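Quick note, the sequences are listed as chains B and A, same order.
So the first sequence is residues 7 to 266, counted in our numbering.
So the second sequence is residues 790 to 1044, counted in our numbering.
Remarks on the structure that follows.
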Amino acid sequence: MKNIINSIKKYKFLLYQLVSRDFKVKYKRSVLGVLWSLLYPVLTMSVMALVFSNMFKVSMPNVNYLVYLMTGLVIFNYYSEASNLSMSSVVSNFSLINKVYIPKYIFPLSKCLFVGINFILTLIPLYAIILITGVPLNINHLLLPFAFICLFLFTLGMGFILSTVAVFLRDMFYIYGVMITLWMYMTPIMYDFAMIPAKFQLIFKLNPLYWIIYFARSIILYNEIPSLNVWIYCLGFALVFLLIGMYVFKKNQDKFIYYV
Amino acid sequence: MKDKDIMIKINNVSMKFNLGVEKGFSLKEGFVNLFDPKYHKKRKEIKKKNEFWALSDIDFDIKKGEVVGLIGSNGAGKSTLLKIVSGVMKPTKGSVKVYGNICPMIELGAGFDQDLTARENIYLNGAIMGYSKSFLDSKFKEIVEFSELEEFLDVPVKNFSSGMIARLAFSVATIVEPEVLIVDEILSVGDIAFQAKSEEKMLSMITGGTTVLYVSHSLESIKKLCDRVIWIDKGKIRKIGGIDVCDEYQEAVKG
């Protein structure tokens, strides 16, 4: 544990540099630049909202569908983008790993942080929609960072697992692409959880993202403090995946160099 | 010899590579082998055959302030040893301890991002080598002056010529005064004027009292710079001694 803290201290500046590099490179040569972080989610979500509320006539009683959809999407998009970037982070930085000693965990970590900053920016359009649609704000919103921290830890854990697997098995990039699509539809983002037949509900509840989205929606849409077991599920899933990820990554990181 | 004088301690280091590792496992192969009853035995044999010991039982210490040269033919394991000492690879057996901060000058510009400007790359590359922001801030001017690239600071590196990139990389890499310096060939990069300058800088780093582990094929420079020479042959230490080892090596190669 002390080692981890020391090494984070030593490589704090590198972490900062890697995250800021991602930012600089991402918005190079785009006219709107960082504004895209705000615009992109709004536009894609508008398309989805249009499709699902008008064409498929999804409607939710007593709930603003747009805010419902957007809460789920903001969270799922964070997971999807951060886990994808983390997965390729070790492989794509091979030229560095092969030449200089850098703690390798820094690559998935920097990707999760980079997308995290983007995530915070997407909260701006989320809150804009909340205000415009007239969903009342409440003091419980201050509890939301708990869900976001759980989301970050869970994603980081998955990032460690995926980046390790991807080093040994490049097929993972394709497999995971399919998996994430399936995962998206298995998470109640655009539909109501109540629409799921009772016999499948347990499977859906094994999805950590379900609980994180549930937590956020309880507060944003229903003005309720989530019950204790929701807190436990969120944190429990996050910590379990983080620990598994750290273990898998640490155990295999010395072998990376022979496979990348 | 007191123990605290030792800067690099290399204990019985062996390094095994699996030459078949690139092939790995493919679906087709796996399917065909499914019907081969002797598959497991065969696989083990193949594995054994593909094993390659790049280094075996390398064991020596380097004292503070010593300049140690590594010589040997291509593929003898010199670069592998440097990678192990600088922490890029973990040895299969044995251990390496380095006391003090280390500056591996194995490959320059490894951390450059083509899309970033020279200024941004100085910081990124510096961070990769483990320097802090305040350190880089204080050395920034010196780095830029040495590279002579003042006018191009805000140009993306992808628009640089390879000589300019090498100059920038060299300037960032040599900015520290490390306690342990690892050098794979004296790097002289850029045009003639800069080559002289960079070679001089390297020489002053090597002779400046730091501990150096130096690999070169130029026996001339080894003789000129090193206190001790280690001859590595096919992954084993053939001989350790003074600069006269160079002559023996030369003779062995000729003979």
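Where is the CB? At the ideal position from N, CA and C, for every residue including glycine.
If you're wondering where the values come from, they're calculated on a predicted model, not measured in any experiment.
- Task: Would you check if the stretch 136 to 144 of chain B and the stretch 103 to 115 of chain B touch, i.e. whether three or more CB-CB distances between them fall below 8 Å?
- Result: no
- Start and end residues, alpha helix (DSSP H) containing glutamate 937 of chain A: Here the question's residue 937 of chain A lines up with position 148 in the second sequence. No alpha helix (DSSP H) contains glutamate 937 of chain A, which DSSP labels as neither H nor E.
- Query: When the Cα atoms are used, what is the spatial distance from phenylalanine 210 of chain B to isoleucine 202 of chain B?
  - Reply: By 1-based counting over the first sequence, the position of residue 210 of chain B is 204. By 1-based counting over the first sequence, the position of residue 202 of chain B is 196. Approximately 9 Å, taken between the alpha carbons.
- Message: Can you tell me which residues form a DSSP beta bridge with lysine 882 of chain A?
- Response: One-based indexing of the second sequence puts residue 882 of chain A at position 93. A:Ser803.
- Message: Would the stretch 885 to 896 of chain A count as touching the stretch 865 to 875 of chain A if we require 3 or more Cβ pairs under 8 Å?
- Response: yes
- Query: Which chain B residues sit within Cβ distance under 8 Å of glycine 1044 of chain A?
  - Reply: Counting from one through the second sequence, the residue named residue 1044 of chain A turns up at place 255. What glycine 1044 of chain A touches in chain B: nothing, since even the nearest Cβ is about 36 Å away.
- Rounded to the nearest angstrom, how far is the Cβ of isoleucine 851 of chain A from that of isoleucine 797 of chain A, given a contact under 8 Å? Within the second sequence, residue 851 of chain A is the residue found at index 62, counting from 1. Within the second sequence, residue 797 of chain A is the residue found at index 8, counting from 1. Indeed, because the Cβ distance is near 4 Å, the residues count as touching under 8 Å.
- Mind listing which residues of the stretch 952 to 963 of chain A have their C-beta closer than 9 Å to chain B's C-betas, in chain order? none
- Look at the alpha carbon of isoleucine 964 of chain A and the alpha carbon of tyrosine 888 of chain A, and state the distance between them as a whole number of angstroms. Mapped onto the second sequence, residue 964 of chain A falls at position 175. Mapped onto the second sequence, residue 888 of chain A falls at position 99. Straight-line Cα distance between these residues: approximately 20 Å.
- Item | Residue environment, proline 114 of chain B, which counts as buried when at least 16 other CB atoms sit within 10 Å | As a first step, residue 114 of chain B is located in the first sequence; it is residue number 108 there, counting from the start. Counting Cβ neighbours within 10 Å, proline 114 of chain B comes out buried, since at least 16 surround it.
- Same chain, Cβ closer than 8 Å to alanine 985 of chain A, neighbours up to 5 away in sequence not counted: One-based indexing of the second sequence puts residue 985 of chain A at position 196. Excluding residues within five positions, the ones whose Cβ falls inside 8 Å are Ser977.
- Message: Let me check understanding here. Comparing Cα to Cα, which of B:Asn146, B:Thr77, B:Val246, B:Ile155 lies closest to isoleucine 123 of chain B?
- Response: Position 117 of the first sequence, counted from the start, is the residue given in the question as residue 123 of chain B. The option with the nearest alpha carbon to isoleucine 123 of chain B is B:Ile155.
- Within-7 Å CB hit, tyrosine 1003 of chain A to chain B: Looking up residue 1003 of chain A in the second sequence gives position 214. Cβ-Cβ to chain B under 7 Å: no for tyrosine 1003 of chain A.
- Query: Which residues, in order along the stretch 877 to 893 of chain A, keep a beta-carbon less than 9 Å from a beta-carbon of chain B?
  - Reply: Val877, Met878, Lys879, Ile891, Pro893
- Give, in chain order, every residue of the stretch 88 to 115 of chain B whose Cβ lies closer than 7 Å to some Cβ of chain A. Ser101, Leu102, Asn104, Lys105, Val106, Tyr107, Ile108
- For leucine 168 of chain B, which of B:Gln207, B:Ala204, B:Tyr85 has the nearest alpha-carbon? The residue labelled residue 168 of chain B in the question sits at position 162 within the first sequence. The shortest Cα separation from leucine 168 of chain B among B:Gln207, B:Ala204, B:Tyr85 belongs to B:Tyr85.
- Message: Taking 7 Å as the threshold (beta carbon to beta carbon), is arginine 35 of chain B in contact with chain A?
- Response: Residue mapping note: residue 35 of chain B aligns to position 29 of the first sequence, counting from 1. False, the Cβ-Cβ gap to chain A never drops below 7 Å.
- Taking Cβ positions, are asparagine 99 of chain B and threonine 170 of chain B nearer each other than 7 Å? For the purposes of this step, residue 99 of chain B is taken as residue 93 along the first sequence, with counting starting at 1. For the purposes of this step, residue 170 of chain B is taken as residue 164 along the first sequence, with counting starting at 1. No, they are not a contact pair.
- Message: For a cutoff of 7 Å on Cβ pairs, would you count leucine 119 of chain B as touching chain A?
- Response: On the first sequence, residue 119 of chain B is found 113 positions in, with the first residue counted as 1. So, not an interface residue.
- Message: Give me, in chain order, the residues of the same chain whose beta-carbon lies closer than 7 Å to that of valine 246 of chain B; leave out the 5 immediate sequence neighbours on both sides.
- Response: Locating residue 246 of chain B in the first sequence gives position 240, where the first residue counts as 1. The answer is none, since no qualifying residue turns up.
- So, is alanine 1041 of chain A buried or exposed, given that buried needs 16 or more other C-beta atoms within 10 angstroms? Within the second sequence, numbered from 1, the residue matching residue 1041 of chain A stands at position 252. Exposed is the call here.
- Query: So, is the C-beta of phenylalanine 19 of chain B closer than 7 Å to a C-beta in chain A?
  - Reply: Along the first sequence, one-based indexing puts residue 19 of chain B at 13. Taking Cβ atoms only, chain A reaches closer than 7 Å to phenylalanine 19 of chain B, which makes this a yes.
- From the DSSP output, which residues share a beta bridge with cysteine 240 of chain B? As a first step, residue 240 of chain B must be located in the first sequence, where it is residue number 234. DSSP lists no partner for cysteine 240 of chain B.
- Message: I need the boundaries of the alpha helix (DSSP H) containing cysteine 156 of chain B, first residue and last residue.
- Response: Taking the first residue of the first sequence as position 1, residue 156 of chain B is located at position 150. First-last of the alpha helix (DSSP H) with cysteine 156 of chain B: 150 to 174.
- Task: Check distances from the C-beta atoms of the stretch 921 to 937 of chain A to those of chain B and list, in chain order, the residues that come in under 7 Å.
- Result: Ser921, Lys922
- Message: Taking the alpha carbon of leucine 150 of chain B as the reference point, which residue from B:Ala222, B:Leu45, B:Val254, B:Leu38 has its own alpha carbon closest?
- Response: Position 144 of the first sequence, counted from the first residue, corresponds to residue 150 of chain B. If we check each option's Cα against that of leucine 150 of chain B, B:Ala222 comes out closest.
- Query: Buried or exposed: which applies to methionine 790 of chain A, given that a residue is buried once 16 or more other Cβ atoms fall within 10 Å of its Cβ?
  - Reply: Counting from one through the second sequence, the residue named residue 790 of chain A turns up at place 1. For methionine 790 of chain A, the predicted model reports a pLDDT of 48, less than 50, meaning its position is unreliable; a value from the coordinates is still stated below. Flag for methionine 790 of chain A reads exposed.
- Query: Taking only beta-carbon atoms, is lysine 866 of chain A less than 7 Å away from chain B?
  - Reply: Residue mapping note: residue 866 of chain A aligns to position 77 of the second sequence, counting from 1. The sequence shown places glycine at residue 866 of chain A, rather than the lysine named in the question. By this cut-off, glycine 866 of chain A is not an interface position.
- Message: Any C-beta of chain B within less than 8 Å: which residues of the stretch 980 to 1014 of chain A qualify?
- Response: none
- Task: Kindly give me the distance between the Cβ atoms of aspartate 902 of chain A and arginine 27 of chain B, rounded to whole angstroms, as I take these residues to be in contact under 8 Å.
- Result: Looking up residue 902 of chain A in the second sequence gives position 113. Looking up residue 27 of chain B in the first sequence gives position 21. With a Cβ gap of about 6 Å, aspartate 902 of chain A and arginine 27 of chain B count as contacting.
- Task: Counting only the same chain and skipping the five closest in sequence on each side, list residues whose C-beta sits under 8 Å from that of methionine 190 of chain B.
- Result: As a working note, residue 190 of chain B is residue 184 in the first sequence. For methionine 190 of chain B, where only same-chain residues beyond five positions count, the Cβ hits under 8 Å are Phe82, Ser86.
- May I ask which residues mark the beginning and end of the beta strand (DSSP E) holding tyrosine 1003 of chain A? If you number the second sequence from 1, residue 1003 of chain A lands on position 214. Note, tyrosine 1003 of chain A: beta strand (DSSP E), 1000 to 1004.
- Message: Applying the 10 Å Cβ sphere with the 16-neighbour rule, what's the burial state of glutamate 909 of chain A?
- Response: For the purposes of this step, residue 909 of chain A is identified with residue 120 of the second sequence, where counting begins at 1. So glutamate 909 of chain A counts as buried.
- Message: Quick check on the burial criterion: 16 or more other C-beta atoms within 10 angstroms. Buried or exposed for methionine 93 of chain B?
- Response: What you label residue 93 of chain B is simply residue 87 of the first sequence in a count that begins at 1. So methionine 93 of chain B counts as buried.
- Find the nearest neighbour of alanine 899 of chain A within the set A:Lys879, A:Leu925, A:Leu957, judged by alpha-carbon distance. Position 110 of the second sequence, counted from the first residue, corresponds to residue 899 of chain A. When each option's Cα is compared against that of alanine 899 of chain A, the closest is A:Leu957.
- Query: Do the CB positions of glycine 78 of chain B and isoleucine 195 of chain B come within less than 7 Å of each other?
  - Reply: Locating residue 78 of chain B in the first sequence gives position 72, where the first residue counts as 1. Locating residue 195 of chain B in the first sequence gives position 189, where the first residue counts as 1. It is a contact, given that the beta carbons lie within the stated cut-off.
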